[in-house]
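Report on the structure given below.
Shown next as structure tokens:
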């Protein structure tokens, strides 16, 4: 694809709107792909969006709402005339419509549902958490009975003409709607026309329950290379399916969340530049404040050793070096462990192996850093005793940081807390106070102060 | 899916192998899905792997090699008898086979290619970098001519019986093999049987060149909800396609890489527990050492202000608090920016907007932290002047850290360096030295020392 410039499109669209050329404006938008339409659309002013959306082809309007950020879409729908809103939402994929309704006020959502053509496709989806299989699934699935032949199944698909591109699997169910097997569209096409679905279907279907977390769905789909994952109830009845395009979004969002947490801030719920400055402030201020209070402890440790500091001022020079290195070693460990836990490379059963891994790495890094710190202290003109103090301290601090950095994410997982809260800043702050304590204790022993 | 326990399967497999019951062992493995087969297989000893792999069904062996870590697979292949290796590799998907050959020694790879049934399917893939569209693509694509009817196309698919599940798109090419359009298998099934492909195909196909980076492919496929992305040469000739299951892996791997970098370490190339301790040591020691050297600067700043420190020892108590908070604010900013750059939420054109965003957030956070630091200093019994020094310093340091935290990732991107190298540890270390300089300068002015 030639990467064309959306900015030019926006300029043309704006000038059409300024001329009140609605037909021209809709023509410009309708020539684009849904993701591009939504991007361009988000750049327009509220009143322009409200004017333009009902003028577009219904399926284009539905695509735009699906692709916009959840909150932006809800705000736009709240501004539309009720009938216009309902007819667009009717055209949306049921799972996307349910997400949108969930972001409206309960009264608005109820009004939309009451006016929809087929509210029963959407209503059951409303009860599920957004980040569960139930919240992610679409209820538009191809489900057929096992006695049907491949020819009949293809015939049914032809008559039904499913709109969604996401039809790659045909689910086979019994008379009670219980999931029995799966046939890919490819298998259906290449099967002998008279073969019954039960003869060609794969019986060992991987399925999830409505409550399954979206990360677990993503893990299953990526591990087993699935394009769609059926969702069933306790009795095994087919309720819907999660499709791979939703999972791609989940993977990107979950990684973003982890990276924000690892940076020591609450994750965002909108793209960066759309987040108002005040919201970002709130997402960061809490952690920054909490860490400030914890870091006060480090100051208290220093005050506790005031006498030693006055006797040997040179001890001070090494403080940033020691606590900095400890924080860095801890951050290296914790980010590795958090990612390994998130991708499922390790789980709680591997806790001891991971600790043993990190302990050995910590010992090796500790020895290396101790040697370098010893040399550095001497070149700074420190006494042999001080150099020994510094190098022993850095050894102990690095080993301690690696231990904490591996233990804390595992402990958090055990306590069902997102391990990513053990962020780099949290690690550095924790290691600062404890690291200084280690340092001055060793200094007391060696320097006899 | 009942989450069954792979450990039990491993125990049964081991006991079959101990009884020399090869048939039993292969039966156990062949009942599993490829990803599980590969997991179990990786737990076996080398000699067990070498015995078992050639006994399995060829397509199972091929699946296992595809799902194993690249290096493990290459090591295993190198140990197999040449004929056994060739017949398994012949069964692999061309893109996976090419990756595997790339990890063998050139002599081994050449020997395998010479003995393969269809080396020309694999050979062209060898020249592309693993992380480009060319390295990721499979050359097994359905390509048909535009005058063909839907019925004929379905007929051709039935005869060809493509093995891969990944057949959801049919690419339409002209006589020179130039990509003209795309038809989904769903469209083909529901189209009137006599419709020509050129009548039903989508003409505006998104395609990439062989050299396109895998992150760009992932971005396109997730943005436009594509299941396969055609790869073409300069003349537009269809060479292959990248499928969504590869892109799911790319997304996971790229996020892992960024998180490792953000933690201040070189990314791993194998799962965590498979990485030897010495390799992890090497991946971390470099950064830790570099940061240690930089952190020495912080010590030098302290030495430079030795006189002030001796006059007002209480200045020392606030050192960890100030540089810690600066490092935390910088890490919050840098992780946000790095992720926004990675997901394409912002690009270089948005640099000024992002800087302005962070500047305002920095001012707000700075004021908040200054107020709290002022109160904290007084409760620690500091003089008014010292409290003022500390709170002015923390304000300046937070604003400075936010500025650096947004500027550096953007600068790195501009210089075509992965912005994730501006990790939390790098930010903390940079802010430590500069932060202390700010602190002592303000102290000199206010305390007149």
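Residue numbers (this note's numbering), protein chains in the order written: chain A, 686 to 1134; chain B, 686 to 1134.
Backbone N, C-alpha and C fix where the C-beta goes; we use that ideal spot for every residue, glycine too.
Thinking C-beta only, is residue 890(A) closer than 8 Å to residue 867(A)? Translated into positions along the first chain, residue 867(A) becomes position 182. Translated into positions along the first chain, residue 890(A) becomes position 205. Against a cut-off of 8 Å, the Cβ pair of residue 890(A) and residue 867(A) comes out as a contact.
Residue 939(A) and residue 1117(A) - do their beta-carbons sit closer together than 8 Å? Here residue 1117(A) corresponds to residue number 432 of the first chain, with the count starting at 1. Here residue 939(A) corresponds to residue number 254 of the first chain, with the count starting at 1. Against a cut-off of 8 Å, the Cβ pair of residue 939(A) and residue 1117(A) comes out as no contact.
In the DSSP assignment, what are the bridge partners of residue 915(B)? For the purposes of this step, residue 915(B) is identified with residue 230 of the second chain, where counting begins at 1. Note: residue 915(B) sits in a beta bridge opposite 926(B).
DSSP puts residue 829(B) in a beta bridge; with which residues? By one-based count along the second chain, residue 829(B) stands at place 144. 857(B).
Who pairs with residue 1115(A) in a beta bridge, going by DSSP? On the first chain, position 430 is the one that residue 1115(A) refers to. Paired residue(s): none; residue 1115(A) is not in a bridge.
Could you work out which residue in 965(B), 1077(B), 941(B), 1029(B) is closest to residue 1098(B) when comparing CA atoms only? Your numbering for residue 1098(B) matches position 413 in the second chain. Looking at the Cα atoms, 1029(B) is the closest of the given residues.
is_contact[residue 823(A), chain B] using C-beta, thresh 8 Å: Position 138 of the first chain holds residue 823(A). It does not: the Cβ of residue 823(A) has no partner Cβ on chain B nearer than 8 Å.
List the residues of chain A that residue 846(B) touches, going by C-beta distances under 8 Å, in chain order. Position 161 of the second chain, counting from 1, holds the residue named residue 846(B). Here the neighbours are 875.
Contacts around residue 1039(A), its chain only, beta-carbon distance under 8 Å, and the 5 residues preceding and following it disregarded: If you number the first chain from 1, residue 1039(A) lands on position 354. Closer than 8 Å at the Cβ level, and outside the excluded window around residue 1039(A), lie 1022, 1025, 1031, 1091, 1095.
Residues of the segment 1002-1013 of chain B with a CB closer than 8 Å to any CB of chain A: list them in chain order, please. For the segment 1002-1013 of chain B, which is checked against every Cβ of chain A, the residues closer than 8 Å are 1002, 1003, 1004, 1005, 1006, 1008, 1009, 1010, 1012, 1013.
Can you list, in chain order, the residues of its chain whose CB lies under 8 Å from that of residue 687(B), leaving out five sequence neighbours each side? For the purposes of this step, residue 687(B) is taken as the residue at position 2 of the second chain. Interpretation of residue 687(B) is limited by its pLDDT of 38, a score under 50 that renders its predicted location unreliable; no figure is taken from the coordinates.
Identify the contact partners of residue 729(A) in chain B, using a Cβ-Cβ distance below 8 Å as the criterion. In the first chain, the residue the question calls residue 729(A) occupies position 44. Annotation: residue 729(A) has no Cβ neighbours in chain B at a cutoff of 8 Å; minimum Cβ distance is about 18 Å.
Beta-carbon neighbours of residue 943(A), restricted to chain B and to distances below 9 Å: Looking up residue 943(A) in the first chain gives position 258. Going along chain B in sequence order, the residues near residue 943(A) (Cβ under 9 Å) are 940, 944.
Which residues bound the alpha helix (DSSP H) around residue 698(B)? Within the second chain, residue 698(B) is the residue found at index 13, counting from 1. Unbroken alpha helix (DSSP H) run through residue 698(B): 691-703.
With DSSP as the reference, identify every bridge partner of residue 869(B), one or two as the case may be. Here residue 869(B) refers to the residue found at position 184 when the second chain is read from its first residue. Residue 869(B) is bridged by DSSP to 854(B).
Where residue 893(B) sits in the DSSP three-state scheme: Position 208 of the second chain, counted from the start, is the residue given in the question as residue 893(B). In the three-state DSSP reduction, residue 893(B) falls in the strand class (E or B).
With three or more beta-carbon pairs closer than 8 Å as the criterion, would you say the segment 925-937 of chain A touches the segment 904-913 of chain A? Here the segment 925-937 of chain A lies against the segment 904-913 of chain A, with 3 or more beta-carbon pairs under 8 Å apart.
Starting from residue 1059(B), follow the alpha helix (DSSP H) in both directions and report where the run begins and ends. If you number the second chain from 1, residue 1059(B) lands on position 374. 1036-1064 is the span of the alpha helix (DSSP H), which, as asked, contains residue 1059(B).
Looking only at its own chain, which residues have a Cβ that is under 8 Å from the Cβ of residue 902(A), when we skip the five neighbours before and after it? The residue you call residue 902(A) lines up with position 217 of the first chain. Sequence-distant partners of residue 902(A) (beyond 5 residues in either direction) whose C-beta falls short of 8 Å from its own C-beta, in its chain, are 818, 821, 893, 914, 927, 932, 935.
Using DSSP with H/G/I as helix, E/B as strand and the rest coil, what is residue 887(A)? For the purposes of this step, residue 887(A) is taken as residue 202 along the first chain, with counting starting at 1. In the structure shown, residue 887(A) falls within a strand segment according to DSSP collapsed to helix, strand and coil.
For chain D, find out if any of its Cβ atoms is closer than 8 Å to the Cβ of residue 1049(B); answer yes or no. Annotation note: the requested chain D is absent from the structure, which comprises protein chains A and B.
Pairwise C-alpha distance: residue 1100(B) and residue 960(A): Counting from 1 along the first chain, the entry for residue 960(A) is found at position 275. Counting from 1 along the second chain, the entry for residue 1100(B) is found at position 415. Spanning the two alpha carbons is a distance of roughly 27 Å.
What's the C-alpha gap between residue 994(A) and residue 1122(B)? Taking the first residue of the first chain as 1, we reach residue 994(A) at position 309. Taking the first residue of the second chain as 1, we reach residue 1122(B) at position 437. Taking the straight line joining both Cα atoms gives about 20 Å.
With DSSP run on the structure shown, which of helix, strand or coil describes residue 686(A)? For this step, residue 686(A) is matched to residue 1 along the first chain. In this predicted model, residue 686(A) has a pLDDT of only 38, less than 50, meaning its place in the structure is not dependable enough to derive any value.
Given that a residue counts as buried once 16 or more other Cβ atoms are within 10 Å of its Cβ, and exposed if not, what is residue 779(B)? Walking along the second chain from the start, residue 779(B) turns up at place 94. By the neighbour-count criterion, in which a residue is buried when 16 or more other Cβ atoms sit within 10 angstroms of its Cβ, residue 779(B) is buried.
Applying the criterion that 16 or more other CB atoms from any shown protein chain within 10 Å of the CB defines a buried residue, is residue 805(A) buried or exposed? In the first chain, residue 805(A) corresponds to position 120, counting from 1. Around the beta carbon of residue 805(A), a 10 Å sphere encloses fewer than 16 other beta carbons of the protein chains shown; the residue is thus reported as exposed.
Pick helix, strand or coil for residue 773(A), following the three-state DSSP scheme. Numbered from its first residue, the first chain carries residue 773(A) at position 88. Assignment of residue 773(A) by DSSP, reduced to helix, strand and coil, places it in the helix class.
At the 8 Å Cβ level, is residue 1059(A) part of the contact set with chain B, yes or no? Working through the first chain from its first residue, we reach residue 1059(A) at position 374. Interface residue (Cβ-Cβ distance to chain B less than 8 Å): residue 1059(A) is not classified as such.
DSSP beta-bridge partners of residue 881(B): Here residue 881(B) is taken as the residue at index 196 of the second chain, counted from 1. Answer is 834(B).
Is the shortest distance between the beta-carbon of residue 1053(A) and the beta-carbons of chain B less than 8 Å? Position 368 of the first chain, counted from the start, is the residue given in the question as residue 1053(A). Yes, contact with chain B.
Any beta-carbon of chain B closer than 8 Å to the one on residue 704(A)? Residue numbering aside, residue 704(A) sits at position 19 when the first chain is read from its first letter. No, residue 704(A) lies away from the interface with chain B (no Cβ there is under 8 Å from its Cβ).
Given that residue 1117(A) touches chain B, what residues does it touch there, using C-beta distances under 7 Å? For the purposes of this step, residue 1117(A) is identified with residue 432 of the first chain, where counting begins at 1. Below the 7 Å Cβ cutoff, chain B contributes 1005, 1009 as neighbours of residue 1117(A), in chain order.
Give the straight-line distance between the Cα atoms of residue 962(B) and residue 953(B), rounded to the nearest whole angstrom. For the purposes of this step, residue 962(B) is taken as residue 277 along the second chain, with counting starting at 1. For the purposes of this step, residue 953(B) is taken as residue 268 along the second chain, with counting starting at 1. Roughly 12 Å between the two C-alpha positions.
Roughly how many angstroms separate the alpha carbons of residue 788(A) and residue 767(A), rounded to a whole number? The residue you call residue 788(A) lines up with position 103 of the first chain. The residue you call residue 767(A) lines up with position 82 of the first chain. Cα to Cα, the separation comes out at about 16 Å.
One question on the structure: do residue 1109(B) and residue 949(B) come within less than 8 Å of each other, judged by their Cβ atoms? To locate residue 1109(B), count along the second chain from 1; it is residue 424. To locate residue 949(B), count along the second chain from 1; it is residue 264. Residue 1109(B) is a Cβ neighbour of residue 949(B), given a cutoff of 8 Å.
Report yes or no: is there a C-beta of chain B within less than 8 Å of the C-beta of residue 686(A)? Within the first chain, the letter at position 1 stands for residue 686(A). Reliability fails at residue 686(A), whose pLDDT of 38 lies under 50, so the model's placement of it is uncertain and no value is given.
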